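Take a look at the structure below.
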Amino acid sequence: APRSHLYVDDRVQNYLMRYGYLPQSDKETGNLRTEEQLRDALRELQRYGHIPVTGELDEETRRLLQRPRCAVADVPYREQTLRWGRRKHRH
Amino acid sequence: KRYSLQGNVWPTTNLTWSLRTMEPRDLDPGMVRYQLDRALRIWSDNSRLTFREVNSDRADILVYFHRLYHGDGFPFDGRGQILAHAFFPGEGRGGDAHFDEDEIWLLGEEDASGQGTSLFAVAAHEFGHSLGLQHSSVKGALMYPWYQGLSPNYKLPDDDRVAIQQLYGAKERLWAKIPTYPYDRDRDRGAWPTPHPTAPPTQPPPPPPPPTPPPTPPPTPPTRPTRPPWRPPKPPKHDKPRHRQPPPPPPTYRPRTRPPPPTLPPPRPSPAEPRTERPQEVKPDTCNTNYDAISVIRREVFIFKDKYFWRIGDRGLEEGYPAEIQRFWYSLPRNFTHVDAVYERLDKKIVFFIGRQYFVYDANTLMHGYPRPLTDLGLPETLDRVDAAMVWGHNKKTYFYSGTMYWRFDEDVGKVELDYPRDMSMWRGVGYNVDAVFQWKDGKTYFFKGKGFWKFNDQYMRVESEKPMQSSVFWMGC
Chain B
-4 APRSHLYVDD RVQNYLMRYG YLPQSDKETG NLRTEEQLRD ALRELQRYGH
46 IPVTGELDEE TRRLLQRPRC AVADVPYREQ TLRWGRRKHR H
Chain L
176 KRYSLQGNVW PTTNLTWSLR TMEPRDLDPG MVRYQLDRAL RIWSDNSRLT
226 FREVNSDRAD ILVYFHRLYH GDGFPFDGRG QILAHAFFPG EGRGGDAHFD
276 EDEIWLLGEE DASGQGTSLF AVAAHEFGHS LGLQHSSVKG ALMYPWYQGL
326 SPNYKLPDDD RVAIQQLYGA KERLWAKIPT YPYDRDRDRG AWPTPHPTAP
376 PTQPPPPPPP PTPPPTPPPT PPTRPTRPPW RPPKPPKHDK PRHRQPPPPP
426 PTYRPRTRPP PPTLPPPRPS PAEPRTERPQ EVKPDTCNTN YDAISVIRRE
476 VFIFKDKYFW RIGDRGLEEG YPAEIQRFWY SLPRNFTHVD AVYERLDKKI
526 VFFIGRQYFV YDANTLMHGY PRPLTDLGLP ETLDRVDAAM VWGHNKKTYF
576 YSGTMYWRFD EDVGKVELDY PRDMSMWRGV GYNVDAVFQW KDGKTYFFKG
626 KGFWKFNDQY MRVESEKPMQ SSVFWMGC
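Chains as they are written, first to last, in our numbering: chain B, -4 to 86; chain L, 176 to 653.
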């Protein structure tokens, strides 16, 4: 497959899953993600964190990822299910 | 774009709380309790909620200081990004708040150096979760996910105030009883207190409180004069150090016989549910029992209960079962009463979990050097048993389940993987404290609890149907 222009390492993906921006279940099923999904997740995190919404893993976003915070998910379970429950899982 | 309600609420507005870590590291317990009390007052000042400190594990909101992995599938990360977490209202650990003991907690106001984290600020946020609030994306809201210190005379922002009043109603206001008529500055100067400072005139009136929940029983008249909340004693004037009286212990808590609330979320049993006493030497009733463990061994399903097991082959339940486990697998402990979990490894060895030990069998014979402690697998010291184990057909990885958590086991390394434990809620619909799990020849995963079981959809990571099916009918042909 063509190399993704957007490289998001595991720690960032774990962060996005832990706080509900990506489906937690992917942690277990290892379902692959499209680049667009990663960008959407970053955009939502940037909106929540009130930083420029770029869909890129830029400097501002990396700083936000470092900031101390509460461990409870930002995107409620219920919403995650609605959002991804309908998504057709790619094998 | 504003507050978010999780869905669970407490069935009463009069809640109890208790600090259960008696000696948080390097912190004065009395000062910690004072900050926690201040944080709770942020919410009670803006709603009908009342909070009473008690000294009991049965309080509604239990507060702990923990570090790293602490038995709930949401480990802390040392001093760093994760400060605390809390559980939404509910049974068991519902409402509890955990603070990362490795953080530098400030028990006074913020210090200029920016080092350290205000316990008051984080506790006020976490108690929002304990009361049923999710995070809010409104910057400056108390329920905003990222840490933001609070000013000394902090007032609850509107976003959070409207949220908590939607859940528990607004506090009766003094002037609410006075007939409302236009406020005439000259005529009525000083007639009643000035409107609440954070409610600017343009502020739309707060939504009418939801239909009042069933009238909470009038608070039982305190048997003794209620004490004002504890405040740290004034520093001594004279310079010679005086032995400071330890703060009076909070009153002992007599559990209140509160009628069971009508609409509590399904009970979440406490993590280490004591197993029911086991009648000795009585064969289990094939058509009326739960199971201790289930595993596919050599393509047959073995179901274990107490000291017995059944075999289900291609023709269904084999005749003459249940049989004694010890007749099939030798060298089990003489005093063993049941197995906790069983699974067949990819190399065809059979692993039994009994209490804090595991036994590896080559067919019927215990391999040399076993049993070994669970800690050899990288499982925590505090774990007293494994509830279930399986090799998951979806990814051929080995999983161990216990209480509210699960681990993924790396067969090559012989240890559980680093990013575990995780919370069982990942296996959507299964809940906590499962009895058994296995992957059947149909490629599907089956979770068992009590006398029921769920078929699990590996792709969607959730049960096919919320309602469990009856095990004895489907598996034992009853």
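Don't be surprised by glycine CBs; every beta carbon is placed ideally from N, CA and C.
Since the structure is predicted, the reported quantities are computational estimates derived from the model, not experimental observations.
Pairing residue 611(L) with residue 466(L) gives a Cβ-Cβ distance under 8 Å.
Relative to the Cα of residue 488(L), the nearest Cα in the group 482(L), 480(L) and 472(L) belongs to 472(L).
A distance below 6 Å between beta-carbons, with the five flanking residues on each side excluded, links residue 461(L) to the following residues of its chain, in chain order: 651.
Per DSSP, the beta bridge partners of residue 228(L) are 192(L). A Cβ of chain B is located within less than 8 Å of the beta carbon of residue 321(L).
Across the region 45 to 72 of chain B, CB contacts with chain L closer than 9 Å involve 45, 59, 60, 61, 62, 63, 64, 65, 66, 67, 68, 69, 70, 71 and 72, in sequence order along the chain. Listed along chain L are 569, 570, 633, 634 and 636, each with a C-beta nearer than 8 Å to that of residue 24(B). Take the alpha-carbon of residue 537(L) and the one of residue 621(L): they are about 25 Å apart. Chain order gives no chain L residues near residue 41(B), where near means a beta carbon separation below 7 Å; the closest approach is about 11 Å.
Counting only runs of 4+ residues, no alpha helix (DSSP H) is found wholly inside the region 207 to 258 of chain L.
Secondary structure of residue 54(B) (DSSP, three-state): helix. Chain-ordered listing is empty here: chain B has no CB closer than 9 Å to the CB of residue 225(L), the nearest sitting near 24 Å.
In the structure shown, residue 313(L) adopts coil according to DSSP, grouped into three states. Rounded to whole angstroms, residue 523(L) and residue 470(L) show a C-alpha spacing of 12 Å. Nearest neighbour of residue 647(L) by Cα position, chosen from 568(L), 267(L) and 464(L), turns out to be 464(L). Secondary structure of residue 498(L) (DSSP, three-state): strand. Here residue 608(L) is buried. Its C-beta has 16 or more other C-beta atoms within 10 Å.
Scanning 36(B), 43(B) and 61(B) for the CA closest to the CA of residue 50(B) turns up 36(B). In this structure, the straight-line span from the alpha carbon of residue 573(L) to that of residue 580(L) is close to 14 Å. Residues of chain L with a Cβ closer than 7 Å to the Cβ of residue 19(B) are, in chain order, 601.
Cβ atoms of residue 528(L) and residue 561(L) come within 8 Å of each other, at about 4 Å. A Cβ of chain B is located within less than 8 Å of the beta carbon of residue 301(L).
With 16 or more other Cβ atoms inside 10 Å of its own Cβ, residue 613(L) counts as buried. Going by DSSP, residue 612(L) is part of no alpha helix (DSSP H) but of the beta strand (DSSP E) stretching over 611 to 614.
Boundaries of the alpha helix (DSSP H) harbouring residue 304(L): 294 to 305, taken from the DSSP string.
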